[in-house]
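*Asks:*
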Amino acid sequence: MSALATKLRQLRADAGQTSSIASARSPITVLPERSAAKSKGTSPSTHKTLSPDLRRLLQRHAQLKRGPAYLASNDRDVPGIELSPGLRYTEANVDWLAPPDIVDAAFARMESVHHRRLLHFDTETTGLAGGTGTRAFMIGAADWHDGRFRIRQLTITSMAAETAMLRTFASWLADDTVLVSYNGKCYDSPLLKTRYRLARLPDPLTGLGHLDLLHPVRRHWKGQWENCRLATAERELLGVVREDDLPGSEAPAAWLTYLRGGSARNLRRVLAHNNQDLKSLAGVLLYMARLPHQ
Amino acid sequence: MNALPDRYHAADELVLRSPGDGRSLAQRLNKRYGARITGAFVLPAQEGRYAPLPPDLPPALAQALRSRGVNQLYSHQAEAWTATQTGAHVAVATPTASGKSLCYTLPVISAAMQQHAKALYLFPTKALAQDQVAELLELNNAGELGVKAFTFDGDTPGDARQAIRLHGDIVVSNPDMLHQAILPHHTKWAQFFENLRYVVIDEVHTYRGVFGSHVANVIRRLKRVCAFYGVTPQFILCSATIGNPQQHAEALIEDAVTAIVESGAPAGEKHVLLWNPPVVNPDLGLRASARSQTNRIARLAIKSGLKTLVFAQSRSMVEVLTKYLKDVFDHDPRKPPRIRAYRGGYLPKERRAAERDMRAGSVDGIVSTSALELGVDIGSLDVVVLNGYPGSVAATWQRFGRAGRRQQSALGVLVASSDPLDQYLVRHPEFFQGATPEHARIQPDQPLILLDHIRCAAFELPFAGEEMFGNEVATPWLDVLGEEGVLHREGDRWEWIADSYPAIAVSLRAVADGNFVVVDRTNGRQTIIAEVDYSAAPVTLYEGAIHMIQSVPYQVERLDWDGRKAYVTRTAVDYYTDAIDYTKLKVLDCFDSAGAGRGQAHHGEVHVVRRVPGYKKIRFYTHENIGYGPVNLPDQELHTTAVWWQLSQAVLASAFEDRQQALDGFLGAAYALHIVATVAVMAEARDLQKSVGSGDGAWFVSADLSGRGQLRGSDGQPTALAPDAPFTPTVYLYDAFPGGIGQSEPLFQRREDLVAQSITLIERCDCRAGCPGCVGPILAADEHHGEMDVQTPKALALRVLALLVAL
Ligand SMILES: [Zn+2]
Chain S
541 MSALATKLRQ
551 LRADAGQTSS
561 IASARSPITV
571 LPERSAAKSK
581 GTSPSTHKTL
591 SPDLRRLLQR
601 HAQLKRGPAY
611 LASNDRDVPG
621 IELSPGLRYT
631 EANVDWLAPP
641 DIVDAAFARM
651 ESVHHRRLLH
661 FDTETTGLAG
671 GTGTRAFMIG
681 AADWHDGRFR
691 IRQLTITSMA
701 AETAMLRTFA
711 SWLADDTVLV
721 SYNGKCYDSP
731 LLKTRYRLAR
741 LPDPLTGLGH
751 LDLLHPVRRH
761 WKGQWENCRL
771 ATAERELLGV
781 VREDDLPGSE
791 APAAWLTYLR
801 GGSARNLRRV
811 LAHNNQDLKS
821 LAGVLLYMAR
831 LPHQ
Chain P
22 MNALPDRYHA
32 ADELVLRSPG
42 DGRSLAQRLN
52 KRYGARITGA
62 FVLPAQEGRY
72 APLPPDLPPA
82 LAQALRSRGV
92 NQLYSHQAEA
102 WTATQTGAHV
112 AVATPTASGK
122 SLCYTLPVIS
132 AAMQQHAKAL
142 YLFPTKALAQ
152 DQVAELLELN
162 NAGELGVKAF
172 TFDGDTPGDA
182 RQAIRLHGDI
192 VVSNPDMLHQ
202 AILPHHTKWA
212 QFFENLRYVV
222 IDEVHTYRGV
232 FGSHVANVIR
242 RLKRVCAFYG
252 VTPQFILCSA
262 TIGNPQQHAE
272 ALIEDAVTAI
282 VESGAPAGEK
292 HVLLWNPPVV
302 NPDLGLRASA
312 RSQTNRIARL
322 AIKSGLKTLV
332 FAQSRSMVEV
342 LTKYLKDVFD
352 HDPRKPPRIR
362 AYRGGYLPKE
372 RRAAERDMRA
382 GSVDGIVSTS
392 ALELGVDIGS
402 LDVVVLNGYP
412 GSVAATWQRF
422 GRAGRRQQSA
432 LGVLVASSDP
442 LDQYLVRHPE
452 FFQGATPEHA
462 RIQPDQPLIL
472 LDHIRCAAFE
482 LPFAGEEMFG
492 NEVATPWLDV
502 LGEEGVLHRE
512 GDRWEWIADS
522 YPAIAVSLRA
532 VADGNFVVVD
542 RTNGRQTIIA
552 EVDYSAAPVT
562 LYEGAIHMIQ
572 SVPYQVERLD
582 WDGRKAYVTR
592 TAVDYYTDAI
602 DYTKLKVLDC
612 FDSAGAGRGQ
622 AHHGEVHVVR
632 RVPGYKKIRF
642 YTHENIGYGP
652 VNLPDQELHT
662 TAVWWQLSQA
672 VLASAFEDRQ
682 QALDGFLGAA
692 YALHIVATVA
702 VMAEARDLQK
712 SVGSGDGAWF
722 VSADLSGRGQ
732 LRGSDGQPTA
742 LAPDAPFTPT
752 VYLYDAFPGG
762 IGQSEPLFQR
772 REDLVAQSIT
782 LIERCDCRAG
792 CPGCVGPILA
802 ADEHHGEMDV
812 QTPKALALRV
822 LALLVAL
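Residue numbers (my numbering), protein chains in the order written: chain S, 541 to 834; chain P, 22 to 828.
1. Is it buried or exposed for P/Ser122, if we count other Cβ within 10 angstroms and need 16 for buried?
2. Which residues in chain S have a C-beta closer than 8 Å to the C-beta of P/Ile549? List them in chain order.
3. Report the start-end ranges of each beta strand (DSSP E) in the stretch 650-728 of chain P that is 3 residues or longer and not cut off at the edges.
4. Using a Cβ cut-off of 8 Å, pull out every chain P residue sitting near S/Ala791, in sequence order please.
5. Report the residue from P/Arg242, P/Gln738 and P/Pro814 whose alpha carbon sits nearest the alpha carbon of P/Glu21.
6. Which residues, in order along the stretch 651-679 of chain S, keep a beta-carbon less than 9 Å from a beta-carbon of chain P?
7. Going along the chain, which residues of the stretch 742-764 of chain S sit with their C-beta nearer than 9 Å to a C-beta in chain P?
8. Can you confirm whether P/Trp517, when its beta carbon is compared against all beta carbons of chain S, has any partner nearer than 8 Å?
9. Could you tell me which residues DSSP puts in a beta bridge with P/Glu511?
10. On the premise that P/Ser194 lies in contact with P/Ala141, defined as a C-beta separation below 8 Å, what is that separation, rounded to the nearest angstrom?
11. Taking 7 Å as the cut-off, is the beta-carbon of P/Cys259 closer than that to any non-hydrogen atom of ligand 1?
12. What does P/Phe144 touch in chain S if you count any residue whose Cβ is under 9 Å from its own?
13. Would you say S/Asp635 lies against chain P (beta-carbon separation less than 8 Å)?
14. Does the CB of S/Ala710 have a neighbour CB from chain C at under 8 Å?
15. Taking only heavy atoms of ligand 1 into account, decide whether any of them is closer than 7 Å to the Cβ of P/Cys477.
16. So, at 6 Å on beta carbons, what are the nonlocal neighbours of P/His509 in its own chain, with the 5 sequence-adjacent residues on each side left out?
17. Threshold first: 3 residues or longer. Then list the beta strand (DSSP E) segments lying entirely within the stretch 248-303 of chain P, N to C.
18. Which residue comes first and which comes last in the alpha helix (DSSP H) that contains S/Asp817?
19. Is there at least one non-hydrogen atom of ligand 1 closer than 7 Å to the beta-carbon of P/Gly791?
20. Give a yes or no on whether the C-beta atoms belonging to P/Gly412 and P/Ala424 are separated by under 8 Å.
21. According to the neighbour-count rule (16 or more other Cβ atoms, all chains shown, within 10 Å of its Cβ), is P/Ser234 buried or exposed?
22. Roughly how many angstroms separate the alpha carbons of S/Val810 and S/Arg775, rounded to a whole number?
23. Rounded to the nearest angstrom, what separates P/Arg619 and P/Trp665 at their Cα positions?
24. Below 7 Å, is the gap between the Cβ of P/Cys611 and the nearest heavy atom of ligand 1?
25. Give me the chain S residues within the contact set of P/His660, using Cβ-Cβ distance strictly less than 8 Å, ordered along the chain.
26. So, P/Val527 versus P/Tyr588, is the Cβ gap smaller than 8 Å?
27. Would you decide whether P/Ala56 is buried or exposed? Buried here means 16 or more other CB atoms lie within 10 Å of its CB.
28. List the residues of chain P whose Cβ lies closer than 7 Å to the Cβ of S/Leu799, in chain order.
29. Rounding to the nearest angstrom, what Cα-Cα distance links P/Val335 and P/Ala816 in this structure?
30. Which residues mark the beginning and the end of the alpha helix (DSSP H) in which P/Asp610 is found?
31. What is the DSSP secondary structure of P/Ala118, reduced to helix, strand or coil?
32. Mind checking whether P/Cys611 and P/His628 have CB atoms under 8 Å apart?
33. P/Gln183 lies in the alpha helix (DSSP H); which residues open and close that run?
34. Strictly under 8 Å for the Cβ-Cβ distance: is P/Val577 near chain S by that measure?
35. Let me check you understand the geometry: is the CB of P/Gly794 closer than 7 Å to at least one non-hydrogen atom of ligand 1?
36. Is the stretch 670-684 of chain P close to the stretch 589-608 of chain P, with three or more CB pairs under 8 Å?
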């Protein structure tokens, strides 16, 4: 622990804030080690009333040279090809259901749409806190392509690759694309819009049609099922039973572990989870499209 | 309890028969109650100084102003216009009711009309924000200007928020919303930020101490987000009259501001009376209640046909005073009420109705809490009576500013309560006459506050390279946050990585978030009624403590230390509690030293260990000690900054007969210095603490039950010094916040003034031997020393202070 951290920890304890309170907010406990400090020069800080020893600590700390991060695991295999540094791409074309040419979207109070225009999408994110501090580390998108269900997934293995991921996803969207999601109107879409804004890229989502299945599912089955999550809908409507599924709540830690040099095992499970989400999206959509009109 | 016989009948002779004014009432009060009036002065009428409407105002705006009767500007409004048009940041510090809001309304509306520029207004309270929007809408409607103004606060419904973000030209909010809702979601506000031209911050004198230090950091974050959107907004700040408006504004926004401090608004003659209730028990220094005096003055004023506003410190006092006045003026239920109460807790509709009645002039007397203090328009008044000192000279003037008509003299009366601060202020009329003694201070680089906001800032936008945050290079702080696991470093960028929303955990009113919440369990309720800073909890929330919230007593039944909760119930006891507080200080680092008379003054970093072994029960009004209760809490440690004074052993030996006398003198001096210093830095009394101990931390002194100094060793047990042991008693004033909040440095700068003021405080006190108004409560036995006794706590404290006066 750095000297500044020690000093701050002490002041926090004075203020009744224990370090365990602070670290409890972070899901990560394994941290890379640091190399020793080297001190020289002065900081441009000018404020006079900070205590001198804290100032000295800051100056010393500013000169810290970081050592290499400790690699916690040798299992660093993330599937797919590298589109650009830090951006992995996987594609799978599977036989999955048989959509009618025209999908009836009246259940969602939308006009019928040709299945070619549908793009199912789902993001995996660093958390649910919202705001500008939450990001997507994976974007999955699936469409019907040459009669098969094409599942494309983008995963970033570095922060810097986010911009390339956002650009690639944008290139998959056409003016007449209709997005299909589960709670994407409230969650995935605004989150991505924020990321495009922060990356100073044009927002490709605004203006697109968006079929969010959560609300129609709620309208139909609320009160009949234990809840209206996608996992419940796919089980009730499609008979999907997942094996070795990584709960969505563990996705942030899976990515962060990998990012910090840890094992990629759970990150691969996130890919599988995201893959199944996309298939279930299409399944629930087609199920609802076939329901008799009310 | 009013110990005086009722003299209403005698007082009624003072009622002005012909329609009076502030001056005639002041004269009569002076004549009849001269002994109670500790200060009387007159602010002469001031002619208005005017300037034409600026030619570069948009014509439609000029037209709207004219249609609202504004055909010219006051000089300060015109100055503000000119300054803003040069692109300068502007700070306006002029009295209440001088038309401050036009200083920012004109540039903001002009820019909105001409360039579709947006503005963000920050007010400390929701009520003020709503009034401001109402005013903007009226002006807008008068000229069909097409400018859209909205409030954005915790009450704004979710579905309205999107429209406000996209279409609001002027968004009126508060620092907490900016901190917790706007900045962490700035991408949703992208269009607003891209066009943001003005940031208006009103009532900046309220942003001081801990709150102000946080707000300065929120402004740093705001500027950082603005830079992301490529804008550099202009700041317009408004303040009540304080000693350092320009410096304070510059400290808040960390940029140069053009200060405008000369009001051009016309003002009628204003009389001010400082009123101390008469002494009813000279031995105890006990005075009649402020309430009885306030009631009397208000009654006289209303009977004399003067529109009167009474400010009380608490809701319950508002109700009591309202009842007293209604008993006199509203006994006929068939007539419309002449007396109205106005306080927080009323529904907005009720408050609007009250304001309308007041403006219409059908109400003769209003009793209000500070809910009415600022901005709210209730028309012209003749007399303002303050039932108790509102906590700062600036706030006193703001409230007095409510009274005043152009053609007629007005009167403001400050009625002092028995609180030591009230007693101090009421004996220093010069504080209200000359330059105000109050300086708003902030310490934005307080380490814990800074760390919290760097955390929030990193959530909003990644840090890159050697980025500065305020005065600091952010890197070492980012390293700490990296170690904490909330940031991830990649190359030279630091990115937020945790699944948390840090702004929610940062209260703008506390240092770090170890705060205690006070939960009211009266009658099965379960309501949070207050928050108490961690450092204040041991001395205010121990089990058995009487905790006053807005003058209402609650008793602490259970303290859940680890859960940071105190459970209280309403109570009706006749005593308050005072923690017995053993504080041991050790100097860690001396930043600066200077001679102080025959001693030394210092400023530096200290380590404080504080233990609360028990508490005293003290009866209201008489200050009798009626009992004792034990407290069982862990010792508190605090690393903070302090200012301290010392006298050498040799000097003390020649001035005092024995060491006990010297210790008593130091205790009394500490008490007086604490009162004076609290005023000087506009602190809350509990945010600044006092202690007396040895210079080397070997022992400290606590006031025993008699008010005399008891020497205690580092274990807290009573002890005595060997006759040949070194003896350098020291009086400390220290910041009650970990890391300090920047109060001790300005106190060190003003050290000579503080000692001089403490001497006059004690000298001017009417008690004989000492009292809570000067050197602290003392034992009855001490009161029976002869008048000339040189060993009273008062005399001993004066002797210590005299040795510290610059030669
Ligand atoms: Zn006294």
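Beta carbons: idealized from backbone N, C-alpha and C, even for Gly.
*Replies:* Walking through what the data contain:
1. Taking the second sequence and counting its residues from 1, one reaches residue 122 of chain P at position 101. Its Cβ being crowded by 16 or more others within 10 Å, P/Ser122 is buried.
2. Taking the second sequence and counting its residues from 1, one reaches residue 549 of chain P at position 528. Going along chain S, no residue has its Cβ under 8 Å from P/Ile549, so there is no contact; the nearest lies around 17 Å.
3. 657-667, 709-715 and 720-724
4. Here residue 791 of chain S refers to the residue found at position 251 when the first sequence is read from its first residue. Within chain P, no residue comes near S/Ala791; the closest Cβ sits about 10 Å away, beyond 8 Å.
5. Outside the shown range of chain P (22 to 828) lies residue 21 of chain P, about which nothing can therefore be said.
6. Along the stretch 651-679 of chain S, the positions whose C-beta sits under 9 Å from a C-beta of chain P are Thr665, Thr666, Gly667, Leu668, Ala669, Gly670, Gly671, Thr672, Gly673, Thr674 and Arg675, read in chain order.
7. none
8. Counted from its first residue, the second sequence places residue 517 of chain P at position 496. Cβ-Cβ to chain S under 8 Å: yes for P/Trp517.
9. Locating residue 511 of chain P in the second sequence gives position 490, where the first residue counts as 1. P/Glu511 is bridged to P/Arg514.
10. Position 120 of the second sequence, counted from the first residue, corresponds to residue 141 of chain P. Position 173 of the second sequence, counted from the first residue, corresponds to residue 194 of chain P. Before going on, a small fix: residue 141 of chain P reads as Leu here, not Ala. With a Cβ gap of about 7 Å, P/Leu141 and P/Ser194 count as contacting.
11. Here the question's residue 259 of chain P lines up with position 238 in the second sequence. Checking the Cβ of P/Cys259 against ligand 1 gives no.
12. Counting from 1 along the second sequence, the entry for residue 144 of chain P is found at position 123. Within 9 Å Cβ-Cβ: nothing; P/Phe144 doesn't reach chain S, min ~24 Å.
13. Position 95 of the first sequence, counted from the start, is the residue given in the question as residue 635 of chain S. With 8 Å as the cut-off, S/Asp635 does not count as an interface residue toward chain P.
14. Within the model displayed, chain C is absent; protein chains S and P are what it includes.
15. Residue 477 of chain P sits at position 456 when you count from the first residue of the second sequence. Not under cutoff, so the answer is no.
16. On the second sequence, residue 509 of chain P is found 488 positions in, with the first residue counted as 1. Excluding residues within five positions, the ones whose Cβ falls inside 6 Å are Glu516 and Ile518.
17. 255-260, 278-281, 291-296 and 300-302
18. As a position in the first sequence, residue 817 of chain S is number 277, starting the count at 1. In the DSSP annotation of this structure, the continuous segment of the alpha helix (DSSP H) that includes S/Asp817 starts and ends at Arg805 to Arg830.
19. Counted from its first residue, the second sequence places residue 791 of chain P at position 770. Result yes, Cβ under 7 Å from ligand 1.
20. Along the second sequence, read from residue 1 onward, the residue named residue 412 of chain P stands at position 391. Along the second sequence, read from residue 1 onward, the residue named residue 424 of chain P stands at position 403. No, these two residues do not count as a Cβ contact at 8 Å.
21. The count along the second sequence starts at 1 and reaches residue 234 of chain P at position 213. Label assigned to P/Ser234: buried.
22. For the purposes of this step, residue 810 of chain S is taken as residue 270 along the first sequence, with counting starting at 1. For the purposes of this step, residue 775 of chain S is taken as residue 235 along the first sequence, with counting starting at 1. One C-alpha to the other measures close to 19 Å.
23. On the second sequence, residue 619 of chain P is found 598 positions in, with the first residue counted as 1. On the second sequence, residue 665 of chain P is found 644 positions in, with the first residue counted as 1. Cα to Cα, the separation comes out at about 14 Å.
24. As a first step, residue 611 of chain P must be located in the second sequence, where it is residue number 590. The answer is no for P/Cys611.
25. For this step, residue 660 of chain P is matched to residue 639 along the second sequence. Going along chain S in sequence order, the residues near P/His660 (Cβ under 8 Å) are Gln550, Leu551 and Asp554.
26. Translated into positions along the second sequence, residue 527 of chain P becomes position 506. Translated into positions along the second sequence, residue 588 of chain P becomes position 567. Between P/Val527 and P/Tyr588, the gap from beta carbon to beta carbon reaches 8 Å or more.
27. Position 35 of the second sequence holds residue 56 of chain P. P/Ala56 is exposed by the Cβ-count criterion.
28. Position 259 of the first sequence, counted from the start, is the residue given in the question as residue 799 of chain S. Correct list: His509.
29. As a working note, residue 335 of chain P is residue 314 in the second sequence. As a working note, residue 816 of chain P is residue 795 in the second sequence. Reading the sequence as shown, one finds Ser at residue 335 of chain P and not Val. Roughly 36 Å separates the two Cα atoms.
30. Stepping through the second sequence from its first residue, residue 610 of chain P is reached at position 589. That residue, P/Asp610, is in no alpha helix (DSSP H); its beta strand (DSSP E) goes Tyr596 to Ala617.
31. The sequence position of residue 118 of chain P within the second sequence is 97, counting from 1. If DSSP states are grouped into helix, strand and coil, P/Ala118 belongs with coil.
32. Position 590 of the second sequence, counted from the start, is the residue given in the question as residue 611 of chain P. Position 607 of the second sequence, counted from the start, is the residue given in the question as residue 628 of chain P. Going by C-beta atoms, P/Cys611 is not nearer than 8 Å to P/His628.
33. Locating residue 183 of chain P in the second sequence gives position 162, counting from the first residue. From DSSP, the alpha helix (DSSP H) with P/Gln183 extends over Gly179 to His188.
34. As a first step, residue 577 of chain P must be located in the second sequence, where it is residue number 556. With 8 Å as the cut-off, P/Val577 does not count as an interface residue toward chain S.
35. Along the second sequence, read from residue 1 onward, the residue named residue 794 of chain P stands at position 773. The answer is yes for P/Gly794.
36. no
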